[in-house]
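Numbering (my numbering), first residue to last: 22 to 160. The C-beta atom is built at its ideal place from N, Cα and C for all residues, glycine as well. Let me begin by presenting the structure, written as structure tokens, before commenting on it.
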């Protein structure tokens, strides 16, 4: 019925039912509404309403996290640890891919600028906390 239009992970807008599609069943879809409530919507009800469906890459929001290394920290090791943390994070979208950039100033201070993409602001807060805790861990 909705093949190609509505898929798990897509954000849909349909009347009062706005949110992310969690799963597609035989007779209904499960939707996590923007307010956090999870509802089951029968397809018969959805065919009566106009539906706007957006792929995750169309609804992605970005957050840039800046991490300054302490004196003596190895920038290459930190970059590996940050990328590893991004790879295992369930809240980071693979597309668009995270961007990790480093800059070393004249005094030898290295700063990382990490731009991540997610679907919800709350998810990106989790990512930021995880990346900042990566900085605090010592290998």
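| query | result |
| --- | --- |
| With burial defined as no fewer than 16 other Cβ atoms inside 10 Å of the residue's Cβ, what is the status of residue 25: buried or exposed? | Its pLDDT being 49, under 50, residue 25 is placed unreliably by the model, and the measurement read from it follows with that caveat. So residue 25 counts as exposed. |
| In whole angstroms, what is the alpha-carbon distance linking residue 38 and residue 131? | 46 Å |
| Please name the residue, chosen from 86, 95 and 94, that lies closest to residue 121 on a Cα-to-Cα basis. | 86 |
| Along the alpha helix (DSSP H) that carries residue 109, what are the first and last residues, could you check? | 96-109 |
| Excluding the 5 residues flanking residue 101 on each side, which residues of the same chain have their C-beta closer than 6 Å to its C-beta? | none |
| Could you work out which residue in 155, 28 and 35 is closest to residue 99 when comparing CA atoms only? | 155 |
| Report yes if the CB atom of residue 52 is closer than 8 Å to the CB atom of residue 40, and no otherwise. | yes |
| Who are the Cβ neighbours of residue 153 in its own chain at under 8 Å, not counting the five residues just before and after it? | 86 and 88 |
| DSSP state of residue 114, grouped into three classes? | coil |
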